[in-house]
Amino acid sequence: MQSFLAERADTVLLQPFSHVADSGDTLRLTNVFARFRPDARDRILLIAHWDTRPRADQSPRRADRALPVPGANDGASGTAVLLEIAEVLRQHRPPMGVDLLFVDGEDFGPGERDMYLGAKHFARNLPPGYQPLYGVLLDMVGDRDLRFPVEGYSARYAPEVVRRVWDLAREMGYGHVFVNETGPYISDDHIPLNEAGIRTIDIIDFDYGPGHRYWHTPEDVPANTSAESLGIVGRVMTELIRRGG
Numbered sequence: 113m114q115s116f117l118a119e120r121a122d123t124v125l126l127q128p129f130s131h132v133a134d135s136g137d138t139l140r141l142t143n144v145f146a147r148f149r150p151d152a153r154d155r156i157l158l159i160a161h162w163d164t165r166p167r168a169d170q171s172p173r174r175a176d177r178a179l180p181v182p183g184a185n186d187g188a189s190g191t192a193v194l195l196e197i198a199e200v201l202r203q204h205r206p207p208m209g210v211d212l213l214f215v216d217g218e219d220f221g222p223g224e225r226d227m228y229l230g231a232k233h234f235a236r237n238l239p240p241g242y243q244p245l246y247g248v249l250l251d252m253v254g255d256r257d258l259r260f261p262v263e264g265y266s267a268r269y270a271p272e273v274v275r276r277v278w279d280l281a282r283e284m285g286y287g288h289v290f291v292n293e294t295g296p297y298i299s300d301d302h303i304p305l306n307e308a309g310i311r312t313i314d315i316i317d318f319d320y321g322p323g324h325r326y327w328h329t330p331e332d333v334p335a336n337t338s339a340e341s342l343g344i345v346g347r348v349m350t351e352l353i354r355r356g357g
């Protein structure tokens, strides 16, 4: 990922850090921060987590619960969209600054103290003077039956950003995906960023598979995701950038 981004972004910064988990384990983690037009004042921040859950603790089969989650949707989907956006921005210089942040340690768990670790670290160690116009977190965006209600904290912290993105998606013909409904409040990487003063929304479909049965299980595999879903999210984000945020 680092070499892929280095060939496309203007700058790529690694942000290594460690965290002592409740288990006593010391985790060695790394955020990756790719920047396009780093000198531009007006910029937006796009975020995804690139780690996956180390244990399939929601599996109905007890024997599977010690297995790592493949993370095709919960981890790889948002990362894949951001990597494709990096390629688009290499070919078409954006009209504003764009930062792609890949955070580590989002899903270690099981408790909240051991989650969202990369976002927490980034929020505590922002680049000097860093103040993007807003942020957009992409999490679990690859479901075959894609549907994004407005996540509750996003509506609370950044309602104007929600309106901008949802209105754009509807204009592009994706109103059936970005639905005008308020969904649940979901703790995620956008919380520490909002607390640090960066207005950030979470685009997330937290109903993964029939009865939400694929989440944090060994069934979070590519066969249960959709390239079409990733394409919808990618097109909305690239159009958002093309219009200058």
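In terms of my numbering, the sequence shown is residues 113 to 357. Even for Gly, the Cβ is constructed at its ideal location relative to N, Cα and C.
Roughly how many angstroms lie between the CA atoms of aspartate 358 and aspartate 255, to the nearest whole one? Because residue 358 is not part of the residues shown, which for the chain are 113 to 357, the question remains open.
Count the CB pairs spanning the segment 148 to 164 and the segment 200 to 212 that are closer than 8 Å, and state whether there are at least three. Enough Cβ pairs lie closer than 8 Å, so yes.
For the structure I just gave you, are there three or more beta carbon pairs, one from the segment 195 to 206 and one from the segment 166 to 180, closer than 8 Å? no
Residues near serine 189 by beta carbon distance below 7 Å, same chain, minus five either side: Met252, Val253, Gly254, Thr337, Leu342
Which whole runs of the beta strand (DSSP E) in the segment 190 to 277 are 3 residues long or more, in chain order? 209 to 215, 246 to 251, 260 to 262
With a floor of 4 residues, list each alpha helix (DSSP H) that falls wholly inside the segment 288 to 321, ordered by position along the chain. 302 to 307
Buried versus exposed, by CB contacts within 10 Å (16 or more), glutamate 263: buried
How about histidine 161 and glycine 241: are their beta carbons less than 8 Å apart? no
I'd like the list of long-range same chain contacts for arginine 236, defined as Cβ closer than 6 Å, with 5 residues on each side in sequence excluded. none
Quick check: the segment 339 to 355 against the segment 191 to 198, are there 3 or more CB pairs under 8 Å? yes
Spatial neighbours of tyrosine 320 in its chain, beta-carbon cut-off 7 Å, leaving aside the 5 residues before and after: Asn185, Met252, Asp255, Tyr326, Trp327
Isoleucine 298 to glutamate 307, Cα distance in whole Å? 15 Å
With 16 as the cutoff for other CB atoms within 10 Å, does valine 193 come out buried or exposed? buried
What does the Cβ neighbour count give for histidine 168, buried or exposed, with the cut at 16 atoms within 10 Å? Rather than histidine, the amino acid found at residue 168 in this sequence is alanine. Classification for alanine 168: buried.
C-beta contact flag for valine 215 and phenylalanine 260 at 8 Å: Contact flag unset, no.
Going by C-alpha to C-alpha distance, which of Arg268, Arg165, Tyr265 sits closest to glycine 223? Nearest option by C-alpha distance: Arg165.
Where does serine 135 fall in DSSP's three states? coil
Pull up the DSSP beta-bridge partners for histidine 161, would you. Val215
Roughly how many angstroms separate the alpha carbons of isoleucine 303 and alanine 175, rounded to a whole number? 33 Å
Rounded to a whole number of angstroms, what is the C-alpha to C-alpha distance between arginine 354 and glycine 136? 46 Å
Separation of valine 289 from isoleucine 344, as counted between CA atoms: In a straight line, the C-alpha of isoleucine 344 is about 9 Å away from that of valine 289.
Mind checking glutamate 283: buried by the 16 CB within 10 Å criterion, or exposed? exposed
Among residues of its own chain, excluding the 5 on either side of glycine 221, which ones have a beta-carbon nearer than 6 Å to its beta-carbon? Close CB contacts of glycine 221 within its chain, under the 6 Å cut and outside five residues either way in sequence, are with Met227 (chain order).
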